[in-house]
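Notes follow once the structure below has been shown.
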Amino acid sequence: MFAVTLLVIGIVEQDFVPLDDLSRFLALLGATFPLIFRRRTPFLATVALYASASILLLQGGVPAAAQVSSLLALYYLGTLHESRRAVTLQLLAVLPFLVTILTTMILDTQSQFTLIIVLALFTAITITASELSKARLATQTALEERADQLEAAQRDLLRLAREDERAAIARELHDIVAHNVSVMVLQAGAAKRVIGTHPELALEALDAIDVAGREALGEMRLVVGVLRPDKSQGLEPQPALNRLGALISRVEEAGVPVALTIDGEVSDLPLALELSAYRIIQECLTNTMQHGGPWVAAQVSLDYQRNSLGITVTDNGRNSPATGKGHTSGHGLFGIAERVAMFDGTFDAGPKPDGGFRVQVRLPVGNVR
């Protein structure tokens, strides 16, 4: 439809009757109508338009409608290919027109000189504009690809952060549940054995079960509360080394004697390190209760150095010196290893030569990852 409009405008502009000047009408038709095929055959359409414009130039002048259609086709052709190929095709398409311009400049009168210069200038501007447009489009495409890459990287980082958070929460829940359930199971077994002969001891065991259960619920609410939008709930502090005495008391109430020794000068440590130290000791004592067997006893040693905290937990349980059978290398020790890795610390666990099990940890201060 646009090509037909340009044809009509060209007829009006030239002020001639198509049937009276058939050659001019056909040249004008060839300089506008091929614009319809610029998408299907862009190069041939552009060649046809400029060839017809050459004929119009030789007939006395190129109307504005023909100039517009030729320049549009030339611009569109330049945007379809990479720069070198595009310029080559554009120059080939306008070659007949350029030859006509040069011939006219040599042979024709001075009256056509300004028109010829303008047409040549418009042609050069159109080729340059198509290259600039293509470069801008390439830049925009590159920026969009870069934005997509950054968005994908951001999604990956968010996914990794969520996985780390889920792992941390799972580790906290494991430590809470494993320790307190172990205490409850041992106390329940003790209560079952003495309820007929010493009911007062059974009541003490039931009280210990009640305390362990309530503490487990409280710590689980604290961990799960992190996932809730309402942060006003569960603002109690996380357990730290100042609660180590209460932890040892619960283990001893479950029937496992625990000796605590502290070397060095006790100092304030980062909260994250104190929480990890508490959970490491809790997990070690839980493993002792679960796997140490009857008459097991544990030893907890803290070694405060200026730049680190050492933790050693040993027991005299039923592990054989060679294999350490009885302790597990599952989630418990794996969780300890993860906590130590958070601080770039050192971790060693295994059976003692004389029986029992030993866990040794060294946590550098101020080295949280």
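Residue numbers (our numbering): 1410 to 1778. For glycine and all other residues, C-beta sits at the position ideal for the given N, C-alpha and C.
Which residues bound the beta strand (DSSP E) around residue 1767? Taking the sequence shown and counting its residues from 1, the one referred to as residue 1767 is at position 358. Start and end: 1766–1773.
Beta-carbon within less than 7 Å of residue 1505's beta-carbon, same chain only, minus the 5 sequence neighbours each way: which residues are those? By 1-based counting over the sequence shown, the position of residue 1505 is 96. Same-chain partners within the cutoff: 1459, 1460 and 1463.
If I measure Cβ to Cβ from residue 1624 and keep anything under 7 Å in the same chain, skipping five residues before and after, which residues do I get? As a first step, residue 1624 must be located in the sequence shown, where it is residue number 215. Correct list, in chain order: 1589.
Pairwise C-alpha distance: residue 1474 and residue 1468: The residue you call residue 1468 lines up with position 59 of the sequence shown. The residue you call residue 1474 lines up with position 65 of the sequence shown. Their backbone Cα atoms lie some 16 Å apart in a straight line.
Please classify residue 1544: does DSSP put it in a helix, a strand, or coil? For the purposes of this step, residue 1544 is taken as residue 135 along the sequence shown, with counting starting at 1. Helix.
Kindly examine the ligand SAM and report whether one of its heavy atoms sits closer than 6 Å to the Cβ of residue 1772. In terms of ligand content, the structure shown is empty, and the ligand SAM therefore cannot be addressed.
Start and end of the alpha helix (DSSP H) containing residue 1759? Residue numbering aside, residue 1759 sits at position 350 when the sequence shown is read from its first letter. Run containing residue 1759: none in the alpha helix (DSSP H); it sits in the beta strand (DSSP E), 1755–1760.
Under the three-state DSSP convention, the category residue 1694 falls into: Position 285 of the sequence shown holds residue 1694. Helix at residue 1694.
Considering residue 1667, what are the terminal residues of the beta strand (DSSP E) in which it resides? In the sequence shown, counting from the first residue as 1, residue 1667 sits at position 258. Residues 1667–1672.
Delimiting residues of the beta strand (DSSP E) encompassing residue 1719: Position 310 of the sequence shown, counting from 1, holds the residue named residue 1719. Taken as a continuous stretch (DSSP letters only), the beta strand (DSSP E) holding residue 1719 covers 1717–1724.
How would you write the range of the beta strand (DSSP E) that residue 1710 sits in, first residue to last? Position 301 of the sequence shown holds residue 1710. That run of the beta strand (DSSP E) goes 1707–1713.
Kindly indicate which residue of 1607, 1593 and 1605 has the alpha-carbon position closest to the one of residue 1616. Counted from its first residue, the sequence shown places residue 1616 at position 207. Closest option to residue 1616, Cα to Cα, is 1593.
With 16 other CB atoms within 10 Å as the buried threshold, where does residue 1765 fall? For this step, residue 1765 is matched to residue 356 along the sequence shown. Residue 1765 should be labelled buried.
Is the distance from the Cβ of residue 1451 to the Cβ of residue 1486 below 7 Å? Start at 1 with the first residue of the sequence shown, and residue 1451 comes out as number 42. Start at 1 with the first residue of the sequence shown, and residue 1486 comes out as number 77. Yes, the Cβ-Cβ distance between residue 1451 and residue 1486 is below 7 Å.
Give the C-beta separation of residue 1761 and residue 1721 to the nearest angstrom, bearing in mind that I take them to be a contact with Cβ-Cβ under 8 Å. The residue labelled residue 1761 in the question sits at position 352 within the sequence shown. The residue labelled residue 1721 in the question sits at position 312 within the sequence shown. About 11 Å separates the beta carbon of residue 1761 from that of residue 1721, a gap too long to meet the 8 Å contact definition.
Classify residue 1479 as helix, strand or coil using the three-state DSSP reduction. Within the sequence shown, residue 1479 is the residue found at index 70, counting from 1. Residue 1479 falls in the helix class under three-state DSSP.
In chain order, what residues of the same chain lie with their CB nearer than 7 Å to the CB of residue 1436, ignoring the 5 residues before and after it? Walking along the sequence shown from the start, residue 1436 turns up at place 27. Around residue 1436: 1461, 1464, 1465 and 1468.
For the stretch 1743–1753 against the stretch 1699–1709, do three or more pairs of beta-carbon atoms, one drawn from each stretch, fall closer than 8 Å, so that the two count as touching? no
Where residue 1734 falls: helix, strand or coil (DSSP): For this step, residue 1734 is matched to residue 325 along the sequence shown. Since pLDDT at residue 1734 reaches only 45, below the 50 mark, its modelled position is unreliable, and the value read off the structure follows with that caveat. Residue state, collapsed to three classes: strand.
Residue 1445 lies in the alpha helix (DSSP H); which residues open and close that run? As a working note, residue 1445 is residue 36 in the sequence shown. Element bounds for residue 1445: n/a, residue is neither H nor E.
Enumerate in chain order the residues of its own chain whose CB-to-CB distance from residue 1456 is below 8 Å, with the five nearest sequence positions on each side excluded. As a working mapping, residue 1456 is identified with position 47 in the sequence shown. These residues qualify, in order along the chain: 1501, 1502 and 1505.
Mind checking whether residue 1611 and residue 1603 have CB atoms under 7 Å apart? Within the sequence shown, numbered from 1, the residue matching residue 1611 stands at position 202. Within the sequence shown, numbered from 1, the residue matching residue 1603 stands at position 194. Closer than 7 Å, so yes.
For residue 1670 and residue 1751, the rounded distance between their alpha carbons: Here residue 1751 corresponds to residue number 342 of the sequence shown, with the count starting at 1. Here residue 1670 corresponds to residue number 261 of the sequence shown, with the count starting at 1. So the two alpha carbons sit approximately 25 Å from each other.
Taking the alpha helix (DSSP H) that residue 1676 belongs to, which residues open and close that run? Here residue 1676 is taken as the residue at index 267 of the sequence shown, counted from 1. Element bounds for residue 1676: n/a, residue is neither H nor E.
Which value, in whole angstroms, describes the spacing of the CA atoms of residue 1510 and residue 1559? On the sequence shown, residue 1510 is found 101 positions in, with the first residue counted as 1. On the sequence shown, residue 1559 is found 150 positions in, with the first residue counted as 1. About 52 Å.
Just how far apart, CA to CA, sit residue 1499 and residue 1483? Here residue 1499 refers to the residue found at position 90 when the sequence shown is read from its first residue. Here residue 1483 refers to the residue found at position 74 when the sequence shown is read from its first residue. Straight-line Cα distance between these residues: approximately 6 Å.
Between the C-alpha atoms of residue 1550 and residue 1573, what's the straight-line distance to the nearest angstrom? Here residue 1550 refers to the residue found at position 141 when the sequence shown is read from its first residue. Here residue 1573 refers to the residue found at position 164 when the sequence shown is read from its first residue. Near 34 Å, if we compare the C-alpha coordinates of residue 1573 and residue 1550.
Looking only at C-alpha atoms, which of 1665, 1494, 1533 and 1653 sits nearest to residue 1696? Here residue 1696 is taken as the residue at index 287 of the sequence shown, counted from 1. Of 1665, 1494, 1533 and 1653, the residue nearest in Cα terms is 1665.
Select from 1479, 1445, 1432 and 1716 the residue whose C-alpha is nearest the C-alpha of residue 1682. Numbered from its first residue, the sequence shown carries residue 1682 at position 273. The candidate whose alpha carbon is nearest that of residue 1682 is 1716.
Mind reading off the beta-carbon distance from residue 1718 to residue 1668? Whole number of angstroms is fine, and I expect it under 8 Å. Translated into the one-based positions of the sequence shown, residue 1718 becomes position 309. Translated into the one-based positions of the sequence shown, residue 1668 becomes position 259. About 19 Å; that fails the 8 Å criterion.
Residue 1478 vs residue 1441 beta-carbon contact at 7 Å: To locate residue 1478, count along the sequence shown from 1; it is residue 69. To locate residue 1441, count along the sequence shown from 1; it is residue 32. Against a cut-off of 7 Å, the Cβ pair of residue 1441 and residue 1478 comes out as a contact.
What is the rounded straight-line gap between the Cα of residue 1556 and the Cα of residue 1726? Counting from one through the sequence shown, the residue named residue 1556 turns up at place 147. Counting from one through the sequence shown, the residue named residue 1726 turns up at place 317. So the two alpha carbons sit approximately 59 Å from each other.
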